[in-house]
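Each remark here refers to the structure printed beneath this line.
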Amino acid sequence: MTRSSIDRPSHSIHVELGARSYAIVIRRDLLREIGEELKRLKCAGKVGVVTDRNLAKHYLTQVTRRLKAAGFTVVPVVLPPGERTKTLRSIGTVMDALVNARFERSSTLLALGGGVIGDITGFAAAIYQRGIPFVQVPTSLVAQVDSSVGGKTGVDHPKGKNLIGAFNQPRAVFIDPAMLATLPPREWVAGLAEVIKYGVIADAAFFEYLEQNMESIQKLTDDAVAHIVKRSCEIKAQVVSEDEREADRRRILNFGHTIGHALESLGGYRGFIHGEAVAVGMVYEADLARHLGYCGAEVVARLRALVKAAGLPDRLPKVAFNALWGAMQQDKKVSAGTIFCVVPEQIGAVRIVPLEKATTRAWFQDVRTREAAESTRERPVGRAR
């Protein structure tokens, strides 16, 4: 380890999964030591760096240089950016690159990107020669605090998000908060939705911290960013360690995603980006919880206020109930035809409940009635003639 890396604060969070256990390492400028980090994992030979065109401009040359200096043979695989890349066709592109470069079971894949790249890389690693190692180097806030941890990998189907995939744990997750500086503002703000989610599902004190420090967080203040990334990873690691394959407790991580994933799907992955859809989903799933009697109106009010303070959308777009319900039924969390939804009981505690179509329709109609009334009240009064 270099002298400079010793001087920089470093955090290591353990994901305890027996033989599949691994560390989440958080250190500013960690990217400079990525070659040495892979050597410490006993990686050797070829490394396939999967990234997208936008990120390649920022990081691919540096990562390639660092890996080659550590003795690795580097094979870059550059994909188009965006959720619409998350398809079986992209998996085929990665497979072709690995076959052409004669990758072996001892070779390694490195996911250099956000959630899309991480999911594609992890799934490709799971199925190439029945499994090769991979590591996550998440570059977006969503990926650093959520999608890079836990081993969920896969791609989308035109009728639903993440319907094709596998559980495949990485060998390690290397998080460099300095990489967030190159994140487009919209992507940074969208990532805050997943951060807010952790406060709602597991840590009321963290939620209060976000309420009190959102201005510093939005300015990417080093201490604030380091804290939200570390605390989010701690919560995710604990939940995943307790329930790797989403049989029970891990399902709480889906708060905001039942409605959120439906909105992404209905928009053809061209409208809301993931974090924006989750933000709207959290607000409306909380409002649904209020309607069903699981929480009070103050929970919805605090959540909506924090979502708005973060700069995230908080309003349901124009969508018919039957379309929304149909998209929700395509979600992978549906069991025996029943849609299950995570709803808050209070800030810091949630429960998983089945949804009935008639009850949900009544709530949806109530939402539209209330929003129409609000719109009427906010409309400027015309000048008298």
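Our numbering puts the first residue of the sequence shown at 6, with every later residue one more than the last. C-beta atoms are modelled at their ideal positions from N, C-alpha and C, and glycine is treated no differently.
Per the coordinates, the alpha-carbon of residue 214 lies some 27 Å from the alpha-carbon of residue 298.
DSSP, read as helix, strand or coil, puts residue 79 in strand. Pairing residue 361 with residue 367, the inter-Cα distance amounts to about 10 Å.
Sorting 292, 310, 311 by C-alpha distance to the C-alpha of residue 302 places 292 at the top. A buried status is given to residue 138, since no fewer than 16 other beta-carbon atoms sit within 10 Å of its beta-carbon. By the 16-neighbour rule on beta-carbons within 10 angstroms, residue 105 is exposed.
Here the region 160-168 lies against the region 262-282, with 3 or more beta-carbon pairs under 8 Å apart.
Contact between residue 72 and residue 176 does not hold, since their C-beta atoms are separated by about 15 Å, which reaches or exceeds 8 Å. If you draw a straight line from the Cα of residue 158 to the Cα of residue 99, it is about 14 Å long.
About 22 Å separates the beta carbon of residue 226 from that of residue 63, a gap too long to meet the 8 Å contact definition.
Just so you know, the alpha carbons of residue 135 and residue 107 end up roughly 15 Å apart. Residue 107 carries a coil assignment under DSSP once its states are collapsed to helix, strand and coil.
If you draw a 10 Å sphere on the C-beta of residue 323, you find fewer than 16 other C-beta atoms in it, and that means exposed. As the crow flies, the alpha-carbon of residue 380 is around 12 Å from that of residue 372. Excluding its 5 nearest sequence neighbours in each direction, residue 313 has C-beta neighbours in its own chain below 8 Å: 319, listed in chain order. A residue is called buried once 16 or more other Cβ atoms fall within 10 Å of its Cβ, and residue 228, having fewer, is exposed. When beta bridges are read from the DSSP output, residue 296 appears opposite no residue. Partner residues in the beta bridge of residue 177, as assigned by DSSP, are 28. Nearest Cα to residue 20 within the set 245, 57, 295, 211: 245. In the three-state reduction of the DSSP assignment, residue 350 falls in the strand class. The residue among 174, 276, 182 with its C-alpha nearest the C-alpha of residue 250 is 174. Bounds of the alpha helix (DSSP H) holding residue 227 are 227-247. Residue 117 carries a strand assignment under DSSP once its states are collapsed to helix, strand and coil. Going by DSSP, residue 215 is part of the alpha helix (DSSP H) stretching over 209-223. Across the structure, residue 183 and residue 341 are spaced so that their CA atoms are roughly 44 Å apart. By DSSP's assignment, residue 57 forms a beta bridge with 84. According to the DSSP secondary-structure assignment, residue 360 is paired through a beta bridge with 344.
Residue environment analysis places residue 40 among the buried positions, since at least 16 neighbouring C-beta atoms fall within 10 angstroms of its C-beta. Distance from the Cα of residue 57 is smallest, within the candidate group 122, 151, 220, 38, for 122.
Collapsing the DSSP output to three states places residue 324 in coil. Residue 128 and residue 170 have their C-alpha atoms roughly 6 Å apart. Comparing alpha-carbon positions, the option among 49, 330, 271, 192 lying closest to residue 60 turns out to be 192.
Beta-bridge partners assigned by DSSP to residue 171: 158.
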